[in-house]
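Participant: So the sequence shown is residues 279 to 394, counted in the working numbering.
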Amino acid sequence: MINLVKPVYAVICNPVLKDCTSSTDPEGYTNNVLRGVISILLLVTIIYFMWHVIFAGYHLIATDGDQKKLETAKAELTNSIVGIIAIFCIFAIIRFVGTVLGIQGLENLNLTWPTL
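1. So Ile362 and Phe327 are supposed to be a Cβ contact under 8 Å. How far apart are they, rounded?
2. Do Ala351 and Thr341 have their C-beta atoms within less than 8 Å of each other?
3. Helix, strand or coil for Cys291, going by three-state DSSP, please let me know.
4. Determine the DSSP secondary structure at Val360, reduced to helix, strand or coil.
5. Thinking Ile371 and Thr323 are a contact (beta carbons under 8 Å), I'd like their distance in whole angstroms, please.
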């Protein structure tokens with residue numbers, strides 16, 4: 279029997295992931311997805327931090343001399359700063375665990391902004 283149709287293999291390259299060749303390798307693909315998810319979550323937390331700092335600053339300005347509002351605004355600002363420090367500490371711990379355990383996608387994890 280003559281086979282006129284030959285099988286075709288294709289790789290879909292996602293522009294968000296940096297290394298297109300690793301999409302055929304399950305370990306490389308998982309590392310890229312994990313790295314992308316961590317970068318996006320870090321970006322979201324930075325935006326959330328900026329949002330809270332802006333509103334804490336607004337509440338600080340709009341206290342009208344009320345000590346209770348002033349303490350609340352200071353607590354909001356302190357909590358947002360402690361939160362962003364905690365996020366970067368978690369990022370450092372993830373990198374450290376990746377280096378110690380030899381997880382390739384985590385040991386070379388960098389802070390990059392998602393681009394197209």
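Glycine included, every Cβ here is placed at the ideal spot set by N, Cα and C.
Facilitator: The structure says:
1. 4 Å
2. yes
3. The answer is coil: DSSP assigns Cys291 none of H, G, I, E or B.
4. helix
5. In fact, because the Cβ distance is near 15 Å, the residues do not count as touching under 8 Å.
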